[in-house]
Amino acid sequence: MQRILEIKDLSINFYLREGVVHALTDVNFEVFENETLGVIGESGSGKSVTVQSILGILSQPPAKIVSGSIYFEPEKRNLELNSLPTYGDIYRNVRWNDISMIFQEPMSSFSPLHSIGDQISEALTLHRPELSEADVLNVCLGLLEKVGIPSPAIFFKRYPHEFSGGMRQRAMIAMALVCNPKILIADEPTTALDVTIEAQILELLEAIKSEFNMSMIYISHDLAVIGEISDRILVMYFGRVVESGLADEVIDNPLHPYTRALLKSIPKIDQPIESLEPIEGTIPSPFEVHTGCPFYSRCSERLGEICLNQKPANKTYNNGHTVSCHLHA
Amino acid sequence: MHDEKVILQVNDLKKYFSLRKGFLSETKYIRAVDGVSLELFKGETLGIIGESGCGKSTLGRSLVNLYNITSGSVVYNDGDQKINLINANEREKKDYTKSVQIIFQDPFSSLNPRINVFETVAEPLIIHQYPKEVIEQKVSEVIAQVGLRDEHLRRYPHSFSGGQRQRIGIARSLIISPKVIICDEAVSALDVSVQAQIINLLKELQARYNYSYIFISHDMSVIRHICDRIAVMYAGRIVEFGTKEKVLNSPRHPYTEALLDAVPKISNRRSKGKRKILSGEPPDLSRERIGCSMFERCGYRIDACQTTPMKLSGSRNQHLTACMRTNEIELNGLIIDSKQL
């Protein structure tokens, strides 16, 4: 399988009045063609910053890419995205044509002042100026139908407030697909939805992904959802990738204490009820600087001095399972 | 765990919100809660599960007198005192709120940012006119019970994390020594690693003080973890009601089946595509309907479902369902050993 995206040693800081936030620290990962990469992490773990940096939609300042690179199609075009001007023509083309994104809140990510149809077709008219108005309409109606919106011609003219949450998310998916992207980034697309609607959207994404031959980066804080949809999983904590590997490996054989603790702390519907083992403490303040492992203070398997003072190295096993923890030195 | 003493009895509770459309046209109603009956036993945890808009929060708020009930009755009875919320006078209402408290969902908007933790937690006591010395002592007791420290008392809500704020919210509900606590999505807004802390805290407090909980949630995994009995709500009504074992292992309403099926499962990851995904979306609550409210979305429907009035039935206090076809259809629950529940 070929790589479609490679993130190398990416570090991003936010320079705020209150101090410096190390949002990402040495993040490394790859996305392969036609795969679904699930990114899991709690609030503040850096998952949204990661995808925003891929799309070049981080507001800089306050954010700054301190080091590292983002390569798109490293084997083919080898575009180094972070070196491109974010408002330049090349990056504009990458967005929508190559990479597009679905946002978390279907309520607030549409403009309330424009009809859904106008918003969906906008990207298409900008990126495919050769298309006639009728063609644009046809493509959009076709997509709306594909994502399961009944009578697309009617809904095309409607405004976001006339859509339910699930319908809005469907419209958002249609919008992300207008230019046939190669990578679809989904940032918590089902978090605001009910379970029955969530199941519908997950199934839809799965179907769309194989139909359009896309890769997908799926971000969530819900381990069960990530487990269901992903081929590979990336576990993030405090701006670092602490573990990554095949979905089955990460869930059945978690290597990092954080992943293990996370699995023990969530109530599961299909496993015996044991008392939950919460992770003690809270996520560290974003302004904290850690010389060692950021999970140190909450870790139940910590070794001592070494964890506090020394940065854990990345260890990769034969099956591609990587972990960054002193337990696996 | 709990005895069979009913502490809260709800009968045919209705809460309609009026929706005025235009000047001369007739008033429309949103039937948020449309005839809910249930009883809560002393010391038990009753789970209410449903999707957004099914009326579960409206029910919770009606039960603590935050909404004026349209019709029906809510009777609180702890042996010494019996209060009917509907025809209670001011004095009785005050006693009622002393016994029935609520924990809100959003730890960010449910605390007043302008007053510190001490004032927040002490407020119920001040309203109920406790003497000053008692207030101070009680606040520091209750703040320890929820795992916070005295030094936190002078701080303001913004300096706390989500989990800590939820603890403050819990302390505020506990301070008045209630018997019944309504937990309205009490853990939904928290990070997963913190969620477990709060669930465990609620369980510990119940074991110690024999609280009765009504635990409202949209998350089946959390409900399964904490509840003894489960009521499944759909479009303002309870469609299934029974013990946790019964409802989860052998559901008798198609909606419960779909709900269980839709929950992402960690150990059964590759079950994709085999699911019976519920199509469509919840119905418009302003439309009056005779038959089953799930008719449009149900895979087991027959024409009669649309015309036969919906009624929760089954042997008393056992496993109730509102599905008229329940004996003709075969529904799948979770396949778990009942001992493991």
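If you read the protein sequences in the order shown, they are chains G and Y. Following the numbering used here, the numbering of the first sequence begins with 3 at its first residue and continues without gaps. Following the numbering used here, the numbering of the second sequence begins with 123 at its first residue and continues without gaps. Cβ coordinates follow ideal geometry from the N, Cα and C atoms, glycine included. Owing to the predicted nature of the structure, the values given are computational and were not obtained by experimental measurement.
Check: Chain-ordered residues of the stretch 180-208 of chain G with a beta carbon less than 8 Å from chain Y; Outcome: D196, V197, T198, I199, E200, A201, Q202, L204, E205, E208
Check: Exposure label - M3 of chain G; buried when at least 16 CB within 10 Å; Outcome: exposed
Check: Among G:R170, G:K66, G:N99, G:S102, the one whose alpha carbon lies nearest that of S85 of chain G; Outcome: G:K66
Check: C-beta neighbour in chain G for K178 of chain Y, strict 7 Å; Outcome: no
Check: Proximity test, Cβ basis, 7 Å: D100 of chain G and chain Y; Outcome: no
Check: Under 7 Å between C-beta atoms of I228 of chain G and G40 of chain G; Outcome: yes
Check: Proximal residues to S408 of chain Y (C-beta, below 7 Å), its chain only, five neighbours per side dropped; Outcome: L141, K150, Y151, I152
Check: Listed by chain order, chain G residues near N322 of chain Y by CB distance under 9 Å; Outcome: S277, L278, E279, P280
Check: Listed by chain order, chain G residues near I399 of chain Y by CB distance under 7 Å; Outcome: A201, Q202, E205
Check: Residue-chain proximity (V268 of chain Y, chain G), Cβ-Cβ < 7 Å; Outcome: no
Check: Under 7 Å between C-beta atoms of R419 of chain Y and L434 of chain Y; Outcome: no
Check: Beta-bridge partners of M416 of chain Y, as assigned by DSSP; Outcome: Paired residue(s): none; M416 of chain Y is not in a bridge.
Check: Rounded C-alpha distance that separates L305 of chain G from P274 of chain G; Outcome: 30 Å
Check: Residue nearest to L247 of chain Y in terms of C-alpha spacing, selected from Y:D341, Y:S315, Y:I298; Outcome: Y:I298
Check: C-beta contact flag for R300 of chain G and G283 of chain G at 7 Å; Outcome: yes
Check: Sequence-distant residues of its chain with Cβ nearer than 6 Å to I281 of chain G (five each side left out); Outcome: A263, S267, R300
Check: Residue from G:S246, G:E77, G:H258, G:L329 with nearest C-alpha to V29 of chain G; Outcome: G:S246
Check: Pairwise C-alpha distance: K49 of chain G and I285 of chain G; Outcome: 14 Å
Check: Cβ shell of F112 of chain G (< 8 Å), same chain only, five flanking positions each side left out; Outcome: I118, Q121, P162, R170, A173, M174
Check: Enclosing alpha helix (DSSP H) for F16 of chain G [first to last residue]; Outcome: Careful: F16 of chain G lies outside any alpha helix (DSSP H), inside the beta strand (DSSP E) at 5-18.
Check: Simplified DSSP assignment, three categories, for Q472 of chain Y; Outcome: As shown, chain Y starts at 123 and ends at 463. That puts residue 472 of chain Y outside it, with no answer to give.
Check: 7 Å Cβ cutoff, V227 of chain G in contact with chain Y; Outcome: yes
Check: Neighbouring residues, chain Y, relative to I151 of chain G (Cβ below 9 Å); Outcome: Going along chain Y, no residue has its Cβ under 9 Å from I151 of chain G, so there is no contact; the nearest lies around 12 Å.
Check: For E290 of chain G, three-class secondary structure by DSSP; Outcome: coil
Check: Contacting residues, own chain, Cβ-Cβ under 7 Å from S460 of chain Y (five flanking each side not counted); Outcome: Because S460 of chain Y carries a pLDDT of 47, less than 50, the predicted location of this residue cannot be relied on, and no value is offered for it.
Check: Distance between D228 of chain Y and T180 of chain Y (C-alpha atoms, nearest Å); Outcome: 15 Å
Check: For L160 of chain Y, three-class secondary structure by DSSP; Outcome: strand
Check: Nearest neighbour of F289 of chain G, chosen from G:T88, G:F16, G:I9 [CA to CA]; Outcome: G:F16
Check: Terminal residues of the beta strand (DSSP E) in which V23 of chain G lies; Outcome: 21-34
Check: Residues of its chain near V264 of chain Y, where Cβ-Cβ distance is below 8 Å and the 5 sequence neighbours each way are ignored; Outcome: V243, A293, L296, I297
Check: Enclosing beta strand (DSSP E) for D134 of chain Y [first to last residue]; Outcome: 128-141
Check: Chain-order list of residues whose beta-carbon lies under 6 Å from that of V237 of chain G (same chain, five-residue window excluded); Outcome: I42, V244, E245, T261
Check: Run of the alpha helix (DSSP H) containing I292 of chain Y, from where it starts to where it stops; Outcome: 284-296
Check: Segment contact, 8 Å Cβ cut-off, at least three pairs: the stretch 351-362 of chain Y with the stretch 189-203 of chain Y; Outcome: no
Check: Run of the beta strand (DSSP E) containing E245 of chain G, from where it starts to where it stops; Outcome: 242-248
Check: Cutoff 7 Å: A318 of chain Y Cβ touching any chain G Cβ; Outcome: yes
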